[in-house]
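With the UniProt record's numbering, letter number 57 in the sequence shown gets 57, and the count goes up by one each step, no holes.
Built from N, CA and C at the ideal position, the CB exists for glycine as well.
Accompanying notes for the structure given below.
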Amino acid sequence: MTSNDPQPTPSHDEHAPDKHWLQKIMDNPWILLVLGLLIPALSYTAWGWIELLFIQPAQLP
Numbered sequence: 001m002t003s004n005d006p007q008p009t010p011s012h013d014e015h016a017p018d019k020h021w022l023q024k025i026m027d028n029p030w031i032l033l034v035l036g037l038l039i040p041a042l043s044y045t046a047w048g049w050i051e052l053l054f055i056q057p058a059q060l061p
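See the structure below:
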């Protein structure tokens with residue numbers, strides 16, 4: 001580009017559409033790490049509590 005050009009070329013960021021919220025999550029490795037640890041921990045904890053609530057008392061001899 002020379003200094004005599006009448007119009008500057010637009011940069012890539014000026015015309016880029018906003019990313020979808022799910023795409024922003026998928027692009028962030030720290031959020032993926034937290035979700036990868038949090039979702040299994042919460043689901044297995046909830047599963048364990050549900051199992052404890054529905055377990056039958058042991059029969060003593």
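| query | result |
| --- | --- |
| To the nearest angstrom, report how far apart Pro17 and Gly48 are at their CA atoms. | 44 Å |
| For the alpha helix (DSSP H) holding Asp27, just list the boundary residues, first then last. | Trp21 to Asp27 |
| Could you give the distance in angstroms between the alpha-carbon of Asn28 and the alpha-carbon of Gln59? | 52 Å |
| Which class does Pro61 belong to by DSSP, given the choice of helix, strand or coil? | coil |
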